[in-house]
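Remarks on the structure that follows.
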Amino acid sequence: MGSQARPGTGRRAVLKVSGDLDLATQAGFRARIAAALAEQGTRLVLDLSGVTFMDARGLAALVAARDLAAARHGSLRLTGVTPAVLRLLEVTRLDRTFSPVSLADVRPAA
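Reading the sequence shown from the start, the letters are residues 0 to 109 in numbering that gives the first Met the number 0.
This is the structure in structure tokens:
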């Protein structure tokens, strides 16, 4: 699992996630989320367009990330959700929990 943070507008940052988000990678993902919230601000957008696989541990990591952002009086939104990840979110009804956002809403003005 790889990730790359880039600043967004205001206090919103975008974290691009790639590869697998599963048992083997969830600890590193959680650490990266905590660092991004501390360094980039409390409004975080996860770009999941590069995620190739997600299991239950990956879903749990997303929920933990959302909870961490909320505990810091922030928010976590998802963008670039692939059909496979969307299906997992729908089956678990987590699609009702996460707010989608367009990357156009978070990119800095050119």
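The beta carbon of each residue, even a glycine, is placed where N, CA and C say it ideally should be.
Cα separation between residue i and residue j?
i      : j     : result
Asp94  : Val84 : 10 Å
Ala108 : Leu87 : Low local confidence applies: a pLDDT of 34 at Ala108 is under 50, so the model's placement there is unreliable, and no value is given.
Ala12  : Glu89 : 25 Å
Leu14  : Ala35 : 8 Å
Asp54  : Arg65 : 17 Å
Ala26  : Ser98 : 23 Å
Ile32  : Gln39 : 10 Å
Pro82  : Phe52 : 11 Å
Ala37  : Gly18 : 23 Å
Val123 : Ser48 : The question about residue 123 has no answer, for the chain in this structure spans 0 to 109.
Below 8 Å on the Cβ atoms is my guess for residue i versus residue j; work out the distance and round it to an integer in Å.
i     : j     : result
Ala63 : Arg29 : 6 Å
Can you tell me whether residue i is buried or exposed? The criterion is at least 16 other CB atoms within 10 Å of its CB, across all chains shown.
i     : result
Val50 : buried
Leu20 : buried
Thr41 : buried
Thr24 : buried
Leu75 : buried
Ala60 : buried
Verify whether the separation of the beta carbon atoms of residue i and residue j is less than 7 Å.
i     : j     : result
Glu46 : Gly73 : Checking the sequence, you will find Asp at residue 46 rather than Glu. For Asp46 and Gly73, no; Cβs fall outside 7 Å.
Leu22 : Arg56 : yes
Ala70 : Leu43 : no
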